[in-house]
Each structure stands twice: as structure tokens, then as C-alpha cells.
Amino acid sequence: LDEAIIDRTEAIEVAKRKEKLLKLQKQHLDELNKEVKGEQLPVESDASDKKPVDTGFIAADSEQAIKDAADITMVGVSRKKRELYKAMQIGNERKKAKTQLLKERKRLLDEAKKSNT
């Protein structure tokens, strides 16, 4: 239970960082749109005071948060149902992998036909 609470707090922190990053991205896009339209951009006097946002770990953290959220929901589930759920996930992953393989083969065949023609 303690691990679930800790994971939840980490997920909340990741969500806050993601929200902050999205806010900065929206601000940047707004500034770019203003620049394209030819409007005057506000001059920032404290630009050197801003810290750069480290975005390298945000993607990994968000994936981990999604995984942790799924794990939290499985805490109260019986072992039999958890194992069945895992088996279903493995089956779905196999189906996706097989579909990807078939799509890749089809793409390669199409490229081969184009190069022969």
C-alpha cells in the first residue's frame, strides 16, 4: 500500500512537470505565431534567470506513470484475475507484433515491385 501511495505521488509530480512543459510549449507556439504575423514580441528582461527545462526524462517518466497507474488498479485484484489479465496483454502484444510484421512484409513487397517496374 505504501508503494502504491509513493507511486501515486510520483505520478502526480510527473503530471505537474508535463503540464508545465505543455504550458511552455503553448507559449512558444504563441510567440512563433505572433512572429509570423509580424507582431511585436515582448522583450523579456529576466531571460537569463530562467532555468532550462530538462525534457529528456519526461517521456520516460510519463511512460512509467502510465505503467504505475495500471499497477495500482491491479493491487486489489485477485491473483487469478491478475494472471489472466497479464496473459491477455501478452496475447494482444503478440497480435500487434504479427500485424506489424505483416505490414512490414507488405511494404517491402511493394517496394520490390516498384523497383522492378
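If you're matching positions, the sequence shown starts at 1 in the UniProt record's numbering and goes up one per residue. Note that the Cβ used here is the ideal one computed from N, Cα and C, for glycine as well.
Between the alpha carbons of residue i and residue j, how many angstroms are there, rounded?
i, j, result
"Lys-16", "Asn-33", "26 angstroms"
"Asp-7", "Ile-66", "10 angstroms"
"Ala-4", "Ala-112", "52 angstroms"
"Glu-104", "Lys-95", "14 angstroms"
"Lys-86", "Ala-97", "16 angstroms"
"Leu-108", "Thr-99", "14 angstroms"
"Lys-20", "Val-14", "10 angstroms"
"Ile-72", "Gln-64", "12 angstroms"
"Leu-22", "Leu-29", "10 angstroms"
"Glu-31", "Thr-117", "49 angstroms"
"Lys-106", "Ser-115", "14 angstroms"
How about residue i and residue j: are their beta carbons less than 8 angstroms apart?
i, j, result
"Val-11", "Ala-70", "At residue 11 the sequence reads Ala, which differs from the Val that was named. It is not a contact, given that the beta carbons lie outside the stated cut-off."
"Lys-26", "Ser-62", "no"
Within 7 angstroms: the Cβ of residue i and any heavy atom of the ligand PLP?
i, result
"Lys-16", "The ligand PLP is not among the ligands present in this structure, which contains no ligands whatsoever."
Hey, quick one: how far does the alpha helix (DSSP H) through residue i stretch, first residue to last?
i, result
"Glu-13", "2 to 37"
Is it true that the region 83 to 103 meets the region 29 to 40, where meeting means three or more beta-carbon pairs spaced less than 8 angstroms apart? no
With a floor of 4 residues, list each alpha helix (DSSP H) that falls wholly inside the region 49 to 115, ordered by position along the chain.
-> 58 to 73
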